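Chemist: Take a look at this one; I'll ask things after.
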Amino acid sequence: MKLWIKTYVGDKITNSIVLSKKGVSRDVFDEMLKEAVDAFDLSTPVVLSQHFHHFANYNSVKFLPRDFVEPVDFDKLVVENVKED
């Protein structure tokens, strides 16, 4: 699985990272998300089953500031599944 994880303020990307790991599962998704937010120096968002369900069905999921326990300085964090060659 290859993910492009980015934060936005308005329509501007403020942080961006592309991560790749073998396997496609909820555990791999959670691990990669944690790795990205650590790189951005953020807390990990609360990932509900609806978040992963949306990601699995639409190859994308959006986390809003309300999904984080600590305050954040962006409008949304977007995780997109990138097609691998």
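If you read the sequence shown in my numbering, its first letter stands for residue -1, the second for the next number, and so on. For glycine and all other residues, C-beta sits at the position ideal for the given N, C-alpha and C. Here the structure is a predicted model, which is why all the values come from computation and not from measurement.
(1) Spell out a yes or no on whether the stretch 22 to 34 and the stretch 0 to 9 are touching, meaning 3 or more CB-CB pairs, one atom from each, closer than 8 Å.
(2) For residue 43, count the other beta carbons within 10 Å of its own beta carbon; 16 or more makes it buried, fewer makes it exposed. Which is it?
(3) In this structure, how does DSSP classify residue 84 when only helix, strand and coil are distinguished?
(4) Do you know whose CA, among 39, 23, 10, lies nearest residue 55's CA?
(5) Using a Cβ-Cβ cutoff of less than 8 Å, which residues in the same chain neighbour residue 92 once the five nearest sequence positions on both sides are dropped?
Modeler: Answer, in terms of the structure:
(1) Taking 8 Å as the limit for Cβ pairs, the verdict is that the stretch 0 to 9 does touch the stretch 22 to 34.
(2) Under this definition residue 43 is a buried residue.
(3) With the chain represented from -1 up to 83, any question about residue 84 goes unanswered, as that position is not in the structure.
(4) Residue 23 is the option with its Cα nearest to residue 55.
(5) Within the shown structure, residues of the chain are numbered from -1 to 83, placing residue 92 beyond reach of any answer.
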